[in-house]
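S.K.: Residue numbers (the numbering used here), protein chains in the order written: chain B, 1 to 266; chain D, 267 to 532.
Where is the CB? At the ideal position from N, CA and C, for every residue including glycine.
Note that the structure is predicted; figures quoted are calculated from it, not measured.
My questions all concern the structure below.
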DNA sequence: CAGAGTTTGTCGCAATCCCCACATCCGTGC
DNA sequence: GCACGGATGTGGGGATTGCGACAAACTCTG
């Protein structure tokens, strides 16, 4: 593979132990794995030295040791969205399947980033044609973009790795220039006050989407009912429809009493 | 290639190929790395068989190969089903290594999407701290975003799957609201007229970045000299510096005669 | 049933890695 | 100066892995 012959940035001078270990974890941010032999060449030290570094980092739990090198530890990498995407797959797939039935060719959708909505987008990319998706999630864009008949518009802003999407005032301002038929958004919790989530920046994006869409469908699994996050996204009346996987517990049925958010069970 | 040998659950003694590979990725959800030898023992097959499985998964980008095993992929890294990213890695890595030496902490960079610039961003994410990156590439954003000390601003627009980035008038308009120290851009070709590329929409993004940056560095491999694409991006004088991997052929040396674009060989 | 194609096993050698013991270098404090 | 501990380099034996080539077993199809 890529040799490092008298490497440019590496031969500056001898790095100390700390500097080497920092470089190793940095390298693992760019590449999923590193090899001891390659690092030794790059640092201009012996493989034994690198081996000791890697072993030390491994003991600290910063990296995960492999035969011949090291890899990113599963937890340190993307505990956030990645882990969340792998739980409740069954339920979320049901929600997603149900949600696509409300979408028709020609629709313009706003979809916020999130684990549940990502299943929804995956189904959209498979089943539907001639729709436009406006989103702040690069994951959604990448998935939906594989379908050439789906037009994807990505919102700008500060990129937040944890959510794999853009956030900040730019997003809301950008969204205000568009108008959509529907907004499909997720939420961290759902009470009689309305949908809520844990982070203010997440809420602002969802709010902007709801504001600019003709109607709003909430995608939440049954575990979200009763959760109270930091901030309420919008009053209950602004939500047109709630799609979930199984009936909410009786104590939260009052949410749908007035029939204002329509309840759909996938 | 995409054949599923319809294995029912009756396979208790020996697992089929598909079942093994599924088990491997499942194993990787629990442990950050697996070893071929261990898997071979667990499955009751030869290490060669597991090696083939792992190699296959690695080619698909599902796992990342290590010496003696496999590791979880960084998810941000692999989605390069793009064959262009896998050629000239040697040359592009050299260019990227050279380019990072021109960047200092505190810099604000505009970087356009492209195969060559992606190597550059990867190095940036490893070696530098406290910089701001403004880009239209979701790949760049995902990679740079793993480094918490790098601020990433993503430009809006129509998402183009082929380029894994945003394009269209929105991009240029958005960029106009920022000001950067440097622009690092790639190009499909390079002649005495200046850098060029094959698609008008690509050119408009590059143009906007050059316009809004104090100086502009072009990252091109040696094969690009003499290529004439559809559209010239900007006159030669607007380019501050050209970084390439090996000296351009003599017939294209005139590009650098006036010393206006500085020539740097990585 | 035959034949083509796929999957897996076997074998051997070269390359690589691990581990251990010991030597060397260097800065620090006495 | 000198002892000392930490960090690093050296060298070799032993184990593991990678790779290519070939054969055996199996699957599918006509």
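1) Just to confirm, is the Cβ distance from residue 328 of chain B to residue 527 of chain D under 8 Å?
2) Between which residues of its own chain and residue 376 of chain D is the CB-CB distance below 6 Å, once the five residues before and five after are set aside?
3) Between the C-alpha atoms of residue 132 of chain B and residue 516 of chain D, what's the straight-line distance to the nearest angstrom?
4) Going by the DSSP bridge assignment, what does residue 529 of chain D pair with across the sheet?
5) Residues bridged to residue 197 of chain B by DSSP?
6) Ignoring anything shorter than 3 residues, give me the beta strand (DSSP E) runs that lie fully in the stretch 409 to 456 of chain D, in order along the chain.
7) So, for residue 94 of chain B: in the same chain, excluding its five sequence neighbours on each side, which residues have a beta-carbon less than 6 Å away from its beta-carbon?
8) To the nearest angstrom, how far is it from the Cα of residue 232 of chain B to the Cα of residue 462 of chain D?
9) I'd like to know whether the C-beta atoms of residue 151 of chain B and residue 333 of chain D end up nearer to each other than 8 Å.
10) So residue 27 of chain B contacts chain D; which residues on that side make the cut at Cβ distance below 7 Å?
11) Please state whether the Cβ-Cβ distance between residue 24 of chain B and residue 99 of chain B is less than 8 Å.
12) In chain order, what residues of the same chain lie with their CB nearer than 7 Å to the CB of residue 61 of chain B, ignoring the 5 residues before and after it?
13) Identify, in the order they occur along the chain, each residue of the same chain with its Cβ nearer than 6 Å to the Cβ of residue 198 of chain B, setting aside the five sequence neighbours on each side.
14) Within the same chain, show all residues whose beta-carbon is closer than 7 Å to that of residue 513 of chain D, passing over the 5 residues directly before and after it, in chain order.
15) Anyone know if the C-beta pair for residue 402 of chain D and residue 437 of chain D falls short of 8 Å?
16) Verify whether the separation of the beta carbon atoms of residue 471 of chain D and residue 444 of chain D is less than 8 Å.
17) Does the beta-carbon distance from residue 313 of chain D to residue 306 of chain D come in below 8 Å?
18) With DSSP run on the structure shown, which of helix, strand or coil describes residue 303 of chain D?
19) At a CB distance below 9 Å, what residues from the stretch 145 to 159 of chain B approach chain D? Give them in sequence order.
20) Based on Cα-Cα distance, which residue from D/311, D/382 and D/370 lies nearest to residue 490 of chain D?
21) Suppose you measure from the CA of residue 56 of chain B to the CA of residue 31 of chain B; what does that come to, to the nearest Å?
22) Tell me whether the beta-carbon of residue 119 of chain B lies closer than 8 Å to the beta-carbon of residue 162 of chain B.
23) As a quick exercise: from B/211, B/186 and B/203, pick the residue whose alpha carbon is nearest that of residue 219 of chain B.
24) If the cut-off is 8 Å on Cβ atoms, which residues from the stretch 325 to 342 of chain D count as contacting chain B, listed in chain order?
25) Buried or exposed: which applies to residue 286 of chain D, given that a residue is buried once 16 or more other Cβ atoms fall within 10 Å of its Cβ?
26) In the DSSP assignment, what residue or residues form a beta bridge with residue 267 of chain B?
27) With the cut-off set at 8 Å, would you say residue 108 of chain B and residue 143 of chain B are in Cβ contact?
28) Identify the residues that DSSP records as bridge partners of residue 335 of chain D: which are they?
29) Identify, in the order they occur along the chain, each residue of the same chain with its Cβ nearer than 6 Å to the Cβ of residue 380 of chain D, setting aside the five sequence neighbours on each side.
30) Using C-beta distances below 8 Å, list every residue in its chain close to residue 372 of chain D, excluding the 5 sequence neighbours before and after it, in chain order.
31) Against residue 299 of chain D, what residues of chain B qualify as contacts under a CB-to-CB distance less than 7 Å, listed in chain order?
32) Taking a cut of 8 Å between CB atoms, which residues from the stretch 369 to 392 of chain D lie near chain B?
33) Would you check if the distance between the CB atom of residue 138 of chain B and the CB atom of residue 176 of chain B is smaller than 8 Å?
34) Using the three-state DSSP reduction, which class does residue 113 of chain B fall into: helix, strand or coil?
35) Could you say which of B/89, B/124 and B/112 lies nearest to residue 102 of chain B if we only look at CA atoms?
36) Using the rule of at least 16 other Cβ atoms within 10 Å of the residue's Cβ for burial, across every protein chain shown, is residue 356 of chain D buried or exposed?
M.R.: Taking the geometry as given:
1) Absent from the structure is residue 328 of chain B, since the part of chain B shown begins at 1 and ends at 266.
2) For the purposes of this step, residue 376 of chain D is taken as the residue at position 110 of the second chain. Excluding positions up to five away in sequence, the list reads 400, 446, 449, 475 and 479.
3) Locating residue 132 of chain B in the first chain gives position 132, where the first residue counts as 1. Locating residue 516 of chain D in the second chain gives position 250, where the first residue counts as 1. Between residue 132 of chain B and residue 516 of chain D, the C-alpha separation is close to 49 Å.
4) Here residue 529 of chain D corresponds to residue number 263 of the second chain, with the count starting at 1. Beta-bridge partners assigned by DSSP to residue 529 of chain D: D/508.
5) Here residue 197 of chain B refers to the residue found at position 197 when the first chain is read from its first residue. For residue 197 of chain B, which the question treats as bridged, DSSP gives the partners B/231.
6) Fully enclosed beta strand (DSSP E) runs of 3 or longer: 416 to 420, 423 to 426, 431 to 433 and 446 to 452.
7) Within the first chain, the letter at position 94 stands for residue 94 of chain B. Excluding sequence neighbours, residue 94 of chain B sits near 245 and 266.
8) As a working note, residue 232 of chain B is residue 232 in the first chain. As a working note, residue 462 of chain D is residue 196 in the second chain. C-alpha separation (whole angstroms): 50 Å.
9) Sequence index remark: in the first chain, residue 151 of chain B carries index 151 (1-based). Sequence index remark: in the second chain, residue 333 of chain D carries index 67 (1-based). No, the pair does not count as a contact, with Cβ atoms beyond the cut-off.
10) Looking up residue 27 of chain B in the first chain gives position 27. 392, listed in chain order.
11) The count along the first chain starts at 1 and reaches residue 24 of chain B at position 24. The count along the first chain starts at 1 and reaches residue 99 of chain B at position 99. It is not a contact, given that the beta carbons lie outside the stated cut-off.
12) Here residue 61 of chain B corresponds to residue number 61 of the first chain, with the count starting at 1. Taking residue 61 of chain B as the centre and dropping the five residues before and after it, the same chain places the C-beta of 73 closer than 7 Å to its C-beta, in chain order.
13) In the first chain, the residue the question calls residue 198 of chain B occupies position 198. Here the set comprises 188, 229 and 230.
14) Counting from 1 along the second chain, the entry for residue 513 of chain D is found at position 247. Here the set comprises 531.
15) Here residue 402 of chain D is taken as the residue at index 136 of the second chain, counted from 1. Here residue 437 of chain D is taken as the residue at index 171 of the second chain, counted from 1. Going by C-beta atoms, residue 402 of chain D is nearer than 8 Å to residue 437 of chain D.
16) Within the second chain, numbered from 1, the residue matching residue 471 of chain D stands at position 205. Within the second chain, numbered from 1, the residue matching residue 444 of chain D stands at position 178. For residue 471 of chain D and residue 444 of chain D, no; Cβs fall outside 8 Å.
17) Working through the second chain from its first residue, we reach residue 313 of chain D at position 47. Working through the second chain from its first residue, we reach residue 306 of chain D at position 40. Yes, the Cβ-Cβ distance between residue 313 of chain D and residue 306 of chain D is below 8 Å.
18) Here residue 303 of chain D refers to the residue found at position 37 of the second chain. DSSP places residue 303 of chain D in helix when its eight states are reduced to three.
19) 145, 146, 147, 148, 151, 152, 153, 154, 155, 156, 157, 158 and 159
20) Residue mapping note: residue 490 of chain D aligns to position 224 of the second chain, counting from 1. Ranking D/311, D/382 and D/370 by Cα distance to residue 490 of chain D puts D/382 first.
21) Locating residue 56 of chain B in the first chain gives position 56, counting from the first residue. Locating residue 31 of chain B in the first chain gives position 31, counting from the first residue. So the two alpha carbons sit approximately 20 Å from each other.
22) As a working mapping, residue 119 of chain B is identified with position 119 in the first chain. As a working mapping, residue 162 of chain B is identified with position 162 in the first chain. No, these two residues do not count as a Cβ contact at 8 Å.
23) Numbered from 1 along the first chain, position 219 holds the residue referred to as residue 219 of chain B. The residue with the shortest Cα to Cα distance from residue 219 of chain B is B/186.
24) 330, 331, 332, 333, 334, 335, 337, 338, 339, 340 and 341
25) On the second chain, residue 286 of chain D is found 20 positions in, with the first residue counted as 1. Under this definition residue 286 of chain D is a buried residue.
26) The displayed coordinates of chain B run from 1 to 266. Any statement about residue 267 of chain B would go beyond what the structure contains.
27) Here residue 108 of chain B refers to the residue found at position 108 when the first chain is read from its first residue. Here residue 143 of chain B refers to the residue found at position 143 when the first chain is read from its first residue. For residue 108 of chain B and residue 143 of chain B, no; Cβs fall outside 8 Å.
28) For the purposes of this step, residue 335 of chain D is taken as residue 69 along the second chain, with counting starting at 1. DSSP, once it has assigned bridges, lists D/301 and D/332 as partnering residue 335 of chain D.
29) Reading the second chain from its first residue, position 114 is the one you call residue 380 of chain D. Excluding residues within five positions, the ones whose Cβ falls inside 6 Å are 452.
30) Looking up residue 372 of chain D in the second chain gives position 106. 396 and 397, listed in sequence order.
31) Residue numbering aside, residue 299 of chain D sits at position 33 when the second chain is read from its first letter. Under the 7 Å cutoff, chain B gives 64, 66 and 71.
32) 388, 389, 391 and 392
33) The count along the first chain starts at 1 and reaches residue 138 of chain B at position 138. The count along the first chain starts at 1 and reaches residue 176 of chain B at position 176. Taking a C-beta distance under 8 Å as the contact criterion, residue 138 of chain B and residue 176 of chain B do not qualify as a contact pair.
34) By 1-based counting over the first chain, the position of residue 113 of chain B is 113. DSSP places residue 113 of chain B in coil when its eight states are reduced to three.
35) Here residue 102 of chain B is taken as the residue at index 102 of the first chain, counted from 1. If we check each option's Cα against that of residue 102 of chain B, B/124 comes out closest.
36) Residue mapping note: residue 356 of chain D aligns to position 90 of the second chain, counting from 1. Residue 356 of chain D should be labelled exposed.
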